[in-house]
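As structure tokens, the structure follows; a few thoughts come after it.
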Amino acid sequence: MAGVVEELVKKAGGCAVIDGGFATQLEALGADINDPLWSAACLITKPHLIKEVHMQYLEAGADVIISSSYQATIPGFLARGLLLEEAEGLLRTSVQLAREARDEFWKSTLRSSKPVYNRALVAASIGSYGAYLADGSEYSGSYGDDVTAEKLKDFHRRRLQVLASAGPDLIAFEAIPNKMEAQALVELLEEEDIQVPSWICFSSVDGKHLCSGESFGDCLQILNASEKVAIVGVNCTPPQFVEGIIRDFKKQTKKAIAVYPNSGEVWDGRAKRWLPVECFGRKSFDVMARRWQEAGASLVGGCCRTTPSTIRAVSNALKSRNGQ
Numbered sequence: 001m002a003g004v005v006e007e008l009v010k011k012a013g014g015c016a017v018i019d020g021g022f023a024t025q026l027e028a029l030g031a032d033i034n035d036p037l038w039s040a041a042c043l044i045t046k047p048h049l050i051k052e053v054h055m056q057y058l059e060a061g062a063d064v065i066i067s068s069s070y071q072a073t074i075p076g077f078l079a080r081g082l083l084l085e086e087a088e089g090l091l092r093t094s095v096q097l098a099r100e101a102r103d104e105f106w107k108s109t110l111r112s113s114k115p116v117y118n119r120a121l122v123a124a125s126i127g128s129y130g131a132y133l134a135d136g137s138e139y140s141g142s143y144g145d146d147v148t149a150e151k152l153k154d155f156h157r158r159r160l161q162v163l164a165s166a167g168p169d170l171i172a173f174e175a176i177p178n179k180m181e182a183q184a185l186v187e188l189l190e191e192e193d194i195q196v197p198s199w200i201c202f203s204s205v206d207g208k209h210l211c212s213g214e215s216f217g218d219c220l221q222i223l224n225a226s227e228k229v230a231i232v233g234v235n236c237t238p239p240q241f242v243e244g245i246i247r248d249f250k251k252q253t254k255k256a257i258a259v260y261p262n263s264g265e266v267w268d269g270r271a272k273r274w275l276p277v278e279c280f281g282r283k284s285f286d287v288m289a290r291r292w293q294e295a296g297a298s299l300v301g302g303c304c305r306t307t308p309s310t311i312r313a314v315s316n317a318l319k320s321r322n323g324q
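Structure follows, in structure tokens:
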């Protein structure tokens, strides 16, 4: 595990807390994210809301906050009519906003009698190629026969360079749906000699395989061989599968494991709304977080439809369990 991550996990008592869903909170603050850029559109229109969401998660007890760059890509920004320099500037801004929020919050905790917090790390988010396509392939892992590992490296290369140079503590490759993209990312980290510790998290719909149907084991072999990858895990995955995934990963890797699943709510395509699932509410999420740590996770948080309330419950549960 990279030193900076190892130190944070130790300070957190053995399990650090990752923040939660970003788009959900932006919408709660009045942002319209019905846009091909999704939450990254706010980098153009309402950057102050992005910083506010970061502050909410820090207040909730997050030890790691993730930048709003998951769907922020240079081709996506260029398609909106921005210049290349402007597109790269927005990528840097995503990290800058998170760093500013972290630094301001940390200073405020030192001046007040607030509960004890850890100085959070900032992870620069990089979504999959499928997230840029926005055609559903991020959920299937099927990119078509014309997409090769070299094409994926070319797609990710400049974004990775820009984000890594913006001063994050970590690089977070999120919801990677297939083995080829994982291989491309590992090769890219080596080719660019990225010195920022990285994590690569997969997405899964069945708890046994990536969205592509490929096995976790085959992909973990690729990640295990890379010293650039400090953390492996899953996100954007139903919570009921997470404990089993952690136990499976523990048998196949010595790297730190991060898990930050979805809320457990189910999307009703006919009604066009999220349906609550009582067995995966906020109160049970904190119970599951303890189980995930017991199973071997070193970092725990939330993804789609989780909120600061979710993360506060997770933080309270883990930190009370770990004697903080």
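Numbering (the UniProt record's numbering) for the sequence shown: 1 to 324. Idealized CB from N, CA, C, for every residue including glycine.
Check: With a threshold of 6 Å on Cβ separation, who are the neighbours of T310 within its own chain once the five nearest residues in sequence on each side are excluded?; Outcome: G20, R282, F285 and G302
Check: Going by CA-CA distance only, name the one from V147, G130 and D146 that's closest to Y139.; Outcome: G130
Check: Give the DSSP bridge partners of F155, in chain order.; Outcome: DSSP lists no partner for F155.
Check: Compute the beta-carbon to beta-carbon distance between S298 and A258, rounded to the nearest angstrom, for a pair I have assumed lies under 8 Å.; Outcome: 7 Å
Check: Roughly how many whole angstroms lie between the Cα atoms of K255 and I246?; Outcome: 12 Å
Check: Would you tell me roughly how many angstroms separate the C-alpha atoms of H156 and W274, rounded to the nearest one?; Outcome: 32 Å
Check: From L163, S142, A230 and A16, pick the residue whose C-alpha is nearest to that of S125; which is it?; Outcome: L163
Check: What does DSSP give as the partner residues of D233 in its beta bridges?; Outcome: As written in the sequence, residue 233 is Gly, which differs from the Asp given in the question. C201 and A258.
Check: Just curious, the alpha helix (DSSP H) that A40 is in, first and last residue?; Outcome: A40 -> no alpha helix (DSSP H), and no H or E assigned at all.
Check: Give me the Cα-Cα distance between P47 and L97, rounded to the nearest whole angstrom.; Outcome: 8 Å
Check: Report the three-state DSSP secondary structure of E214 (helix, strand or coil).; Outcome: coil
Check: Which stretch, first to last residue, makes up the alpha helix (DSSP H) that contains A98?; Outcome: L84 to R111
Check: Identify which residue in S212, Q252 and A313 has its Cα closest to the Cα of S263.; Outcome: A313
Check: To which residues of the same chain is E214 closer than 8 Å at the C-beta, ignoring the five residues directly before and after it?; Outcome: G141, N178 and K179
Check: Could you tell me which of I65, E150 and F77 sits nearest to I50, measuring between CA atoms?; Outcome: I65
Check: Since E227 is in the beta strand (DSSP E), which residue starts that stretch and which ends it?; Outcome: E227 -> no beta strand (DSSP E), and no H or E assigned at all.
Check: Considering only residues of the same chain and omitting the five flanking positions on each side of G233, which have a CB-CB separation below 6 Å?; Outcome: C201, I257, A258 and V259
Check: By Cβ distance, which residues of its chain are closer than 6 Å to G244, with the 5 residues on each side in sequence left out?; Outcome: G207
Check: Use the C-beta contact count for E85: other C-beta atoms within 10 angstroms, 16 or more gives buried, fewer gives exposed.; Outcome: exposed
Check: Determine whether the beta carbon atoms of R102 and V122 lie at a separation below 8 Å.; Outcome: yes
Check: Please confirm if the segment 88–96 is in contact with the segment 61–76, defined as three or more CB-CB distances below 8 Å between the two stretches.; Outcome: yes
Check: Would the segment 75–83 count as touching the segment 14–30 if we require 3 or more Cβ pairs under 8 Å?; Outcome: no
Check: Can you look up F173 in the DSSP assignment and give me helix, strand or coil?; Outcome: strand
Check: Please report how far the alpha carbon of E191 lies from the alpha carbon of K153, in whole angstroms.; Outcome: 10 Å
Check: To the nearest angstrom, how far is it from the Cα of D35 to the Cα of A134?; Outcome: 10 Å
Check: Would you kindly check if the distance between the Cβ of V186 and the Cβ of I222 is under 8 Å?; Outcome: yes
Check: Shortest alpha-carbon distance to L29 belongs to which of S112, M55, S204 and A295?; Outcome: M55
Check: Which residue marks the beginning of the alpha helix (DSSP H) containing V186, and which one marks its end?; Outcome: K179 to E191
Check: If you drop the 5 nearest sequence neighbours on each side, which residues of the same chain put their C-beta closer than 6 Å to that of residue 364?; Outcome: Residue numbering for the chain in the displayed model covers 1 to 324; residue 364 lies beyond these limits and cannot be assessed.
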